[in-house]
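Working notes, structure below.
There are 2 protein chains.
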Amino acid sequence: MTLKVVGLAEIEAVATRKLVFDAVRTALVAHAEGRTTMPQPIALWFADAEGDCHVKAGHLAGSSHFAVKVASGFYRNAERGLPTNSGLVLVLDATTGVPAAVLADEGWLTAWRTAAAGALVTHALTPADVDEVAVFGTGLQARLQVEWLAELRPLSRVRVCGRRSEAVRQLCADLATAGLKAEPATAAEAAATPCVITATPSTSPLAPAEAFSAAVQHVTGIGTDLPGKAELPPGLFANATTIATDDHDQCLAHGDFGNAVRAGVVGADADVSAGLVLRDGVPDRSGLTIADLTGVGVADAAVATAVFTHLG
Amino acid sequence: MTLKVVGLAEIEAVATRKLVFDAVRTALVAHAEGRTTMPQPIALWFADAEGDCHVKAGHLAGSSHFAVKVASGFYRNAERGLPTNSGLVLVLDATTGVPAAVLADEGWLTAWRTAAAGALVTHALTPADVDEVAVFGTGLQARLQVEWLAELRPLSRVRVCGRRSEAVRQLCADLATAGLKAEPATAAEAAATPCVITATPSTSPLAPAEAFSAAVQHVTGIGTDLPGKAELPPGLFANATTIATDDHDQCLAHGDFGNAVRAGVVGADADVSAGLVLRDGVPDRSGLTIADLTGVGVADAAVATAVFTHLG
């Protein structure tokens, strides 16, 4: 077995935003069309270390390769001077099952595919003339969601809402470096912005439904990647005319969509596949649109396969 | 991230039978005592390529590392001159979640932990004076089950029963090379041997319950690693006074134990944990004893961690 191990520098040289956007769009559309294999993920918890590890696998029908992704989040790593997230993606031959490469991406491919999925779906669901966006959260993914969205449409103003003012200021500075006009905002100010993105590890709604003003036209939640998490108030879903999910079962199991269904606000069949929105446009934007994205293994598979096939 | 990739030669130098036996015994006992984390495995199927891929993960409480194992079986690989099975084991730090090593074992660690689990449990359940064993199956695992059992007790005679006479002769020759007296046998002859091991990919019972004579004291089935497989006739379980399973839920879902439960022959609570048999001995050997082993991720984790910690 010749197992190629590909380091981050080599991955970064190949994984352009265009490559990641194309792969994730293809994966979401294929998933919506039922042309994917995506088993239930594995999750392990490590209570003492405050850590978790997920394993996601996926295959797009007809693709030469499939992928198994291992992603860890250990929340006391900062005390050790280590990044919270780590992991790798294994690429395997779909004709022989033989491992072809380990993409030692240190969690970046997950970060990028999450950014791409969020940006693609946010862009598709937000009216074209909207150029103001608010983001809840101050971590890496909050920054990437905004930066990648800015690749798809001009953003005149970014509001940043977070619990730690220092982190808010840092994100504003980082976004300024990327050429974006960003400013700190209260939750009320953020929830009065036409386009709202939530990118936090929150386990309870970031604001009550009443806090969201009529000015809000679209909300994308990307933080509910695990059971027990919650970002959007269930009541907000009562105003939605389109609810897009990246995977119906997964969002029902642990997304804000599932939280809203369990709260009795919407029915379990109220969602539409995010891939169909990307392919066909928004079914109904007469009211609020909401995207609930929990992260799908087929996006990991598509990005990893694209990176692998573009390596020298 | 410094990701160590360990090839088969280096693994073989460290993974002695003693190391594997010790790790698997520890894992089975810990699993029986509830001191393990072992989520449901992931399975992917590739219909066109006649392939499947499993991902198993596990952690023993208190262990420094955990493991994620990827194992493929692609049944048309022989046409390409490739082995049917391949895979690798990823070892991760249980305190930080950081990937520590890729054990590029080409499927051998799985083969060895399966051999060790089978041999340990077969040995524990078979009366000490029994030295005749029959094996159904002629593949690698059939050979390993016998060879590893021979490490634990003397075997005076081995009967080999398989569908292809050439493969049966080859296995007898291979076992002779290992110092064992082996001979071809019919199913009736095999099913009249005091200790019977089945190691096949069969999807229906290898012989009817009536074919097993009163001379049979113990049967170990190790082939039902996936839904849809079956080796032992459900009726055989009616004669069993001890039924040992490596994982209750897994054996209920897709082991021969589950097949017997669904056939109404035994109750779903009729089994005892194989780890408890290893720890405490056989609860009741007044009748037939049966072991149903489907392969557990915690054994993978224990072996991989032991190999990793013994590397230079």
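Protein sequence lines correspond, in order, to chains A and B.
Letter by letter, the first sequence follows residues 1 to 312 in the numbering used here.
Letter by letter, the second sequence follows residues 1001 to 1312 in the numbering used here.
Note that CB positions come from ideal geometry on N, CA and C, so glycine has one too.
Task: Through-space distance from residue 194 (chain A) to residue 180 (chain A), alpha-carbon basis - done: Counting only the Cα atoms, residue 194 (chain A) lies some 17 Å from residue 180 (chain A).
Task: Endpoints, alpha helix (DSSP H) assigned at residue 60 (chain A) - done: Segment 51-60 is the beta strand (DSSP E) holding residue 60 (chain A); no alpha helix (DSSP H) there.
Task: Residue span of the alpha helix (DSSP H) that contains residue 177 (chain A), given as start and end - done: That run of the alpha helix (DSSP H) goes 165-177.
Open item on the list: Three Cβ pairs or more, each shorter than 8 Å: is that satisfied between the stretch 234-245 of chain A and the stretch 282-293 of chain A?
Closed with: A contact exists between the stretch 234-245 of chain A and the stretch 282-293 of chain A.
TODO: Spatial neighbours of residue 263 (chain A) within its chain, please: CB distance less than 7 Å, with the 5 preceding and 5 following residues excluded, ordered by chain position.
DONE: These residues qualify, in order along the chain: 234.
TODO: Compare the C-beta of residue 104 (chain A) against all C-beta atoms of chain B and say whether one is closer than 8 Å.
DONE: At least one chain B Cβ lies under 8 Å of residue 104 (chain A).
Task: Burial state of residue 1147 (chain B), where buried means 16 or more other Cβ atoms lie within 10 Å - done: Result: buried.
TODO: Kindly give me the distance between the Cβ atoms of residue 1067 (chain B) and residue 1301 (chain B), rounded to whole angstroms, as I take these residues to be in contact under 8 Å.
DONE: Rounded to the nearest angstrom, the Cβ distance from residue 1067 (chain B) to residue 1301 (chain B) is 4 Å, consistent with a contact under 8 Å.
Task: residue 1077 (chain B): contacting residues in chain A (beta-carbon distance under 7 Å) - done: Those are 96, listed as they occur along chain A.
Open item on the list: Which of the three DSSP states is assigned to residue 153 (chain A) in this structure?
Closed with: Three-state result, residue 153 (chain A): coil.
- [ ] State whether the stretch 1020-1035 of chain B contacts the stretch 1254-1270 of chain B, with contact taken as three or more CB pairs (one from each stretch) at a distance under 8 Å.
- [x] Three or more beta-carbon pairs separated by less than 8 Å are not found between the stretch 1020-1035 of chain B and the stretch 1254-1270 of chain B, which leaves the two stretches without contact.
Open item on the list: When you compare the CB positions of residue 1158 (chain B) and residue 1217 (chain B), do they come within less than 8 Å of one another, or not?
Closed with: In this structure, residue 1158 (chain B) lies away from residue 1217 (chain B), with their beta-carbon atoms at least 8 Å apart.
Open item on the list: Taking the alpha-carbon of residue 1064 (chain B) as reference, which of B:1103, B:1098, B:1238, B:1239 has the nearest alpha-carbon?
Closed with: The residue among B:1103, B:1098, B:1238, B:1239 with its C-alpha nearest the C-alpha of residue 1064 (chain B) is B:1098.
Open item on the list: Assuming contact is defined by CB atoms lying nearer than 8 Å, are residue 103 (chain A) and residue 24 (chain A) in contact in what I supplied?
Closed with: Cβ distance not < 8 Å, so residue 103 (chain A) and residue 24 (chain A) don't count as in contact.
Open item on the list: Can you tell me whether residue 163 (chain A) is buried or exposed? The criterion is at least 16 other CB atoms within 10 Å of its CB, across all chains shown.
Closed with: With fewer than 16 other Cβ atoms within 10 Å, it is exposed.
TODO: Starting from residue 1197 (chain B), follow the beta strand (DSSP E) in both directions and report where the run begins and ends.
DONE: Here the beta strand (DSSP E) through residue 1197 (chain B) covers 1195-1198.
Open item on the list: So the candidates are B:1127, B:1255, B:1047; which of them puts its Cα closest to the Cα of residue 1284 (chain B)?
Closed with: Sorting B:1127, B:1255, B:1047 by C-alpha distance to the C-alpha of residue 1284 (chain B) places B:1127 at the top.
Open item on the list: Taking DSSP's pairing of strands, which residues face residue 1292 (chain B) in a bridge?
Closed with: For residue 1292 (chain B), which the question treats as bridged, DSSP gives the partners B:1221, B:1245.
Task: Cross-strand partners of residue 1135 (chain B) (DSSP beta bridge) - done: Looking at the DSSP assignment, residue 1135 (chain B) forms a beta bridge with B:1160, B:1197.
Open item on the list: Could you check whether residue 1199 (chain B) and residue 1250 (chain B) sit closer than 8 Å to each other, using their CB atoms as the reference points?
Closed with: In terms of Cβ geometry, residue 1250 (chain B) and residue 1199 (chain B) do not form a close pair [threshold 8 Å].
- [ ] Closer than 6 Å by C-beta to residue 221 (chain A): which residues in its own chain qualify, once you throw out the five before and the five after it? Chain order, please.
- [x] Counting only Cβ-Cβ distances below 6 Å, and skipping sequence neighbours, we find 198, 231, 232, 256, 292.
Task: Three-way DSSP call (helix, strand, coil) for residue 302 (chain A) in this model - done: In the three-state reduction of the DSSP assignment, residue 302 (chain A) falls in the helix class.
Open item on the list: Counting only beta-carbon separations shorter than 8 Å, does residue 1303 (chain B) have a partner in chain E?
Closed with: The structure shown contains no chain E; its protein chains are A and B.
TODO: Could you tell me whether the Cβ of residue 254 (chain A) comes closer than 8 Å to any Cβ of chain B?
DONE: So, not an interface residue.
TODO: Check the C-beta distance from residue 11 (chain A) over to residue 1055 (chain B) and give it rounded, since I have them as a contact under 8 Å.
DONE: A Cβ-Cβ distance of about 22 Å is found for the pair residue 11 (chain A) and residue 1055 (chain B), leaving them out of contact under the 8 Å criterion.
- [ ] Would you check if the distance between the CB atom of residue 236 (chain A) and the CB atom of residue 214 (chain A) is smaller than 8 Å?
- [x] No, Cβ-Cβ distance for residue 236 (chain A) and residue 214 (chain A) is not below 8 Å.
TODO: Express the C-alpha separation of residue 312 (chain A) and residue 1123 (chain B) in angstroms, rounding to a whole number.
DONE: Looking at the two C-alpha atoms, the distance is approximately 52 Å.
- [ ] Inspect the beta-carbon positions of residue 182 (chain A) and residue 160 (chain A) and report whether they are closer than 8 Å.
- [x] Between residue 182 (chain A) and residue 160 (chain A), the C-beta spacing is below 8 Å.
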